[in-house]
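Novice: Residue numbers (this note's numbering), protein chains in the order written: chain L, 1 to 353; chain D, 1001 to 1361. Heads up, the beta-carbon is just placed ideally off N, CA and C, and yes, glycines get one too. Note that the structure is a prediction, hence the values are computed from the model and not measured.
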Ligand SMILES: Cc1ncc(C[n+]2csc(CCOP(=O)(O)OP(=O)(O)O)c2C)c(N)n1
Ligand SMILES: [Mg+2]
């Protein structure tokens, strides 16, 4: 069952002295796991000496040494393949793929090995690895630094796909992912590394420090994979989102004063289908928001599930707000991004239908 | 290796003796390219090198400024410091038949192939008039007219594509060769070696060029490469390699001549490692914590490729004034390009849907 933990509610755990942004929370999760489990190792391009291009691994090599936090050559297929082997022998590798757009050279190892080794070896060997990778747009990255490939992974079976939307969740989910005995693809929405983003790119960036979910405990805690988070309780329409789009959708809902129920899925596989079903049965309407391209996107799966399970409760067709079926452009980024205007139009439509 | 103390010393077995023998030296009877001579440039040729390298330098400086002003956004990788590589190599190519392909640090290779600076700058600012209609940006630019095949953001991918270009040159019998550039970091991608094997197996006309600027983002060559003498990376595929001073345009041009001789004679691919250096950060936001300022300054002071040619020109009696005039001319070309890039309109939103598939949808 879903947790009801509105984004503006304080987490119950002990308070850290100051807020963490998402990078710091991820860094803290990695640090915590390196401390707790000697089998955890971190590898990837620029993660060691340099501390990661987004600084997610800053200081970890200094603290935990070069045998546990180390640089790899630019060899994504090799990085992931090596991590599968490490995992089969009992280690718990956390490879970083610098941008989700570079995961494709390693896709073969993910699909054919990581996602299959448990099944193929009838449970004798597993791939307890967590592939961390920044994903998504909104940073003017163009074609090769902006993509949202999550539905490739939800489609392949044998891998879990997790996407946090706050620093607090990022730490708890990452720890659960690392402790999980299955391969997990952990996509970090890079647009919200430094602050929650409401889709208004022309307004100043709000730092995480002002957000309650930046209140991240320094110590160990975990958030179970497969538990959605109801970030706003409402009656009029269910909004399903994850990553950056949770904040964008929530801002539109608040701005329009709509009594929507906003659900942050947090993990696509495993999916908290009960939370979705309960909510849609209650509201009778469902809007799905993601940045990824539309056709065969995860929204298509959600839409099918809602239709299968809630058909007789639906008062309007399920509506999707997504990226366009095109590559991500360099210019026109904000025309491409499924931002406030598109979400607003869709919300108005589904409430009228 | 230390002997185990618990074991009594045994007579050395003959088999062990054989095992300690080192591997036989590389086949001496394999043909190798000649050691290249520095290019013997005339005064006019030297002036042209100076002009061409300066265009890249000034263009990149301007791009850096426009970035600072917020007119260019996202990723932008400058070529400053590496000018002698693109100019030395591409001045030896035949722009009508030889193809060039590179990674994302591509502005210099484009300028070296005569592509209009206006179209490049307008692409950086994301405008309709840009060479990719503003949809590609700094890393993704192409020109059929100039036989420039991109501009690729995925590290290493261009090496395989270049091998395919080489295949097509051979298949069409058009006498062209492909020059495929990649970095020291890219040299660790698996597909590079798949490509090497195919290129040699099929004797393709391709010059593989490793621009070894000593860093891949924040990772130095020896922190990422077991064999850091990158020109040797083709050996096990029987691709000969040459290591070249990439800060000396004459050495680079000389190596290009030698490589072209080899490839045009149908002997298959060749690998050039150009030792060079990038002065600026990897991209525009680079905390530069992986190297010292002194290191960068020392290269600038001692090995700057443009200063080097300037000195040669002085020796040939070219006056400081004449060189300043060239600089002025080039600054004008670059500022015109910047004006153009600033004043061109952004693409129409409808452009989002063009060139995705054959049909528009
Ligand atoms: C497949 C892939 N992996 C990683 C990256 C991220 N990345 C971009 S440039 C770069 C460093 C490349 O260094 P090098 O090949 O030496 O070229 P240089 O930047 O020095 O010109 C990295 C890791 C990428 N673009 N594509
Ligand atoms: Mg390099």
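Could you check whether the Cβ of residue 1184 of chain D sits closer than 6 Å to any heavy atom belonging to ligand 4?
Specialist: With respect to small molecules bound, the structure shown includes ligand 1 and ligand 2 and not ligand 4.
Novice: Output needed in chain order: residues of the region 1203-1228 of chain D with a Cβ under 8 Å from some Cβ in chain L.
Specialist: Taking 8 Å as the Cβ-Cβ cut-off against chain L, the residues of the region 1203-1228 of chain D that qualify are 1216, 1217, 1218, 1219, 1223, 1224 and 1225.
Novice: Can you tell me the Cα-Cα spacing of residue 177 of chain L and residue 186 of chain L, whole angstroms?
Specialist: In the first chain, counting from the first residue as 1, residue 177 of chain L sits at position 177. In the first chain, counting from the first residue as 1, residue 186 of chain L sits at position 186. Rounded to the nearest angstrom, the two C-alpha atoms are 8 Å apart.
Novice: Checking contacts by CB at 7 Å: is residue 1135 of chain D closer than that to chain L?
Specialist: Walking along the second chain from the start, residue 1135 of chain D turns up at place 135. Interface residue, yes.
Novice: Would you mind telling me which residues of chain D sit closer than 7 Å to residue 77 of chain L, beta carbon to beta carbon, in chain order?
Specialist: As a working mapping, residue 77 of chain L is identified with position 77 in the first chain. Per Cβ cutoff of 7 Å: 1190.
Novice: For residue 298 of chain L, count neighbouring Cβ atoms within 10 angstroms of its own Cβ and tell me buried if that reaches 16, exposed if not.
Specialist: Working through the first chain from its first residue, we reach residue 298 of chain L at position 298. Buried.
Novice: Could you confirm whether any beta carbon from chain D is found closer than 7 Å to the beta carbon of residue 61 of chain L?
Specialist: Walking along the first chain from the start, residue 61 of chain L turns up at place 61. No, residue 61 of chain L does not count as interfacial toward chain D.
Novice: Is the Cβ of residue 1131 of chain D closer than 7 Å to any Cβ of chain L?
Specialist: By one-based count along the second chain, residue 1131 of chain D stands at place 131. Taking Cβ atoms only, chain L never reaches closer than 7 Å to residue 1131 of chain D, which makes this a no.
Novice: Please list the segments of the alpha helix (DSSP H) lying wholly inside the region 1300-1338 of chain D, counting only runs of 4 or more residues, in order along the chain.
Specialist: Counting only runs of 4 or more, we get 1305-1315.
Novice: Between the region 1088-1117 of chain D and chain L, which residues of the former have a C-beta closer than 9 Å to a C-beta of the latter?
Specialist: Flagged, chain order: 1104.
Novice: If you draw a straight line from the C-alpha of residue 1185 of chain D to the C-alpha of residue 1208 of chain D, how long is it?
Specialist: To locate residue 1185 of chain D, count along the second chain from 1; it is residue 185. To locate residue 1208 of chain D, count along the second chain from 1; it is residue 208. C-alpha separation (whole angstroms): 14 Å.
Novice: Is the Cβ-Cβ distance between residue 1244 of chain D and residue 1259 of chain D less than 7 Å?
Specialist: Here residue 1244 of chain D refers to the residue found at position 244 of the second chain. Here residue 1259 of chain D refers to the residue found at position 259 of the second chain. No; because the gap between Cβ atoms is not below 7 Å, this pair is not in contact.
Novice: For ligand 1, is there any heavy atom lying closer than 6 Å to the beta carbon of residue 1297 of chain D?
Specialist: Here residue 1297 of chain D is taken as the residue at index 297 of the second chain, counted from 1. No, ligand 1 has no heavy atom inside 6 Å of this Cβ.
Novice: Give a yes or no on whether the minimum CB-CB distance between residue 1346 of chain D and chain L is below 7 Å.
Specialist: For the purposes of this step, residue 1346 of chain D is identified with residue 346 of the second chain, where counting begins at 1. Taking Cβ atoms only, chain L reaches closer than 7 Å to residue 1346 of chain D, which makes this a yes.
Novice: Kindly examine ligand 2 and report whether one of its heavy atoms sits closer than 6 Å to the Cβ of residue 1216 of chain D.
Specialist: Here residue 1216 of chain D is taken as the residue at index 216 of the second chain, counted from 1. True, at least one ligand heavy atom lies under 6 Å from that Cβ.
Novice: Taking residue 1192 of chain D as the reference, give the member of D:1110, D:1102 and D:1217 with the closest Cα.
Specialist: Along the second chain, read from residue 1 onward, the residue named residue 1192 of chain D stands at position 192. Per the Cα distances, D:1102.
Novice: Could you name the residues of the region 1257-1285 of chain D whose beta carbon sits closer than 8 Å to any beta carbon of chain L, in the order they occur along the chain?
Specialist: Answer in chain order: no residues at all.
Novice: By DSSP, does residue 264 of chain L sit in helix, in strand, or in coil?
Specialist: Within the first chain, numbered from 1, the residue matching residue 264 of chain L stands at position 264. It is a strand residue.
Novice: Could you tell me the distance, in whole angstroms, from the CA atom of residue 1214 of chain D to the CA atom of residue 1178 of chain D?
Specialist: As a first step, residue 1214 of chain D must be located in the second chain, where it is residue number 214. As a first step, residue 1178 of chain D must be located in the second chain, where it is residue number 178. Taking the straight line joining both Cα atoms gives about 24 Å.
Novice: At least one CB of chain D closer than 7 Å to the CB of residue 23 of chain L: is that the case?
Specialist: As a working mapping, residue 23 of chain L is identified with position 23 in the first chain. False, the Cβ-Cβ gap to chain D never drops below 7 Å.
Novice: Which residue comes first and which comes last in the beta strand (DSSP E) that contains residue 1099 of chain D?
Specialist: Taking the first residue of the second chain as position 1, residue 1099 of chain D is located at position 99. 1099-1101 is the span of the beta strand (DSSP E), which, as asked, contains residue 1099 of chain D.
Novice: State the CB to CB distance for the pair residue 130 of chain L and residue 82 of chain L, rounded to an integer number of angstroms; the pair is presumed to be in contact (CB under 8 Å).
Specialist: Stepping through the first chain from its first residue, residue 130 of chain L is reached at position 130. Stepping through the first chain from its first residue, residue 82 of chain L is reached at position 82. The Cβ separation is near 14 Å, so there is no contact.
Novice: Tell me which residue opens and which closes the beta strand (DSSP E) that residue 133 of chain L is part of.
Specialist: Translated into positions along the first chain, residue 133 of chain L becomes position 133. Taken as a continuous stretch (DSSP letters only), the beta strand (DSSP E) holding residue 133 of chain L covers 130-135.
Novice: Helix, strand or coil, according to DSSP, for residue 1196 of chain D in the structure here?
Specialist: One-based indexing of the second chain puts residue 1196 of chain D at position 196. Three-state result, residue 1196 of chain D: helix.
Novice: Taking the C-alpha atoms as reference points, what is the distance between residue 1353 of chain D and residue 330 of chain L?
Specialist: Position 353 of the second chain, counted from the start, is the residue given in the question as residue 1353 of chain D. Position 330 of the first chain, counted from the start, is the residue given in the question as residue 330 of chain L. Residue 1353 of chain D and residue 330 of chain L: Cα-Cα distance of roughly 13 Å.
Novice: For residue 241 of chain L, name the three-state secondary structure that DSSP assigns.
Specialist: Within the first chain, the letter at position 241 stands for residue 241 of chain L. If DSSP states are grouped into helix, strand and coil, residue 241 of chain L belongs with the strands.
Novice: Secondary structure at residue 1004 of chain D, three-state DSSP: helix, strand or coil?
Specialist: On the second chain, position 4 is the one that residue 1004 of chain D refers to. For residue 1004 of chain D, the predicted model reports a pLDDT of 46, less than 50, meaning its position is unreliable and no value from the coordinates is stated.
Novice: Can you check whether the CB of residue 149 of chain L is closer than 7 Å to the CB of residue 100 of chain L?
Specialist: Translated into positions along the first chain, residue 100 of chain L becomes position 100. Translated into positions along the first chain, residue 149 of chain L becomes position 149. Yes, they are a contact pair.
Novice: Along chain D, which residues have their Cβ under 7 Å away from the Cβ of residue 326 of chain L?
Specialist: Locating residue 326 of chain L in the first chain gives position 326, counting from the first residue. The contacting residues are 1352, 1353 and 1356.
Novice: Can you check which of these residues, D:1034, D:1022 and D:1029, is closest to residue 1241 of chain D by C-alpha distance?
Specialist: Residue mapping note: residue 1241 of chain D aligns to position 241 of the second chain, counting from 1. Looking at the Cα atoms, D:1034 is the closest of the given residues.
Novice: By DSSP's criteria, residue 1178 of chain D is part of a beta bridge. Which residues make up the other side?
Specialist: Translated into positions along the second chain, residue 1178 of chain D becomes position 178. Its beta-bridge partners are D:1099 and D:1206.
Novice: Rounded to the nearest angstrom, how far is the Cβ of residue 1252 of chain D from that of residue 1134 of chain D, given a contact under 8 Å?
Specialist: Within the second chain, the letter at position 252 stands for residue 1252 of chain D. Within the second chain, the letter at position 134 stands for residue 1134 of chain D. Going by Cβ atoms, the distance from residue 1252 of chain D to residue 1134 of chain D rounds to 33 Å, so no, they are not a contact pair.
Novice: Between the C-alpha atoms of residue 1249 of chain D and residue 1105 of chain D, what's the straight-line distance to the nearest angstrom?
Specialist: In the second chain, counting from the first residue as 1, residue 1249 of chain D sits at position 249. In the second chain, counting from the first residue as 1, residue 1105 of chain D sits at position 105. About 19 Å.
Novice: Rounding to the nearest angstrom, what Cα-Cα distance links residue 103 of chain L and residue 1055 of chain D in this structure?
Specialist: Against the first chain, residue 103 of chain L aligns to sequence position 103. Against the second chain, residue 1055 of chain D aligns to sequence position 55. Roughly 36 Å separates the two Cα atoms.
Novice: Please classify residue 1212 of chain D as buried or exposed, where buried requires at least 16 other C-beta atoms within 10 Å of its C-beta.
Specialist: Counting from 1 along the second chain, the entry for residue 1212 of chain D is found at position 212. Classification of residue 1212 of chain D: buried, given that the 10 Å Cβ count is 16 or more.
Novice: Quick one: what's got a C-beta closer than 7 Å to residue 1095 of chain D's C-beta in the same chain, skipping five residues either side?
Specialist: In the second chain, counting from the first residue as 1, residue 1095 of chain D sits at position 95. Contacts found: 1113, 1114, 1146 and 1147.
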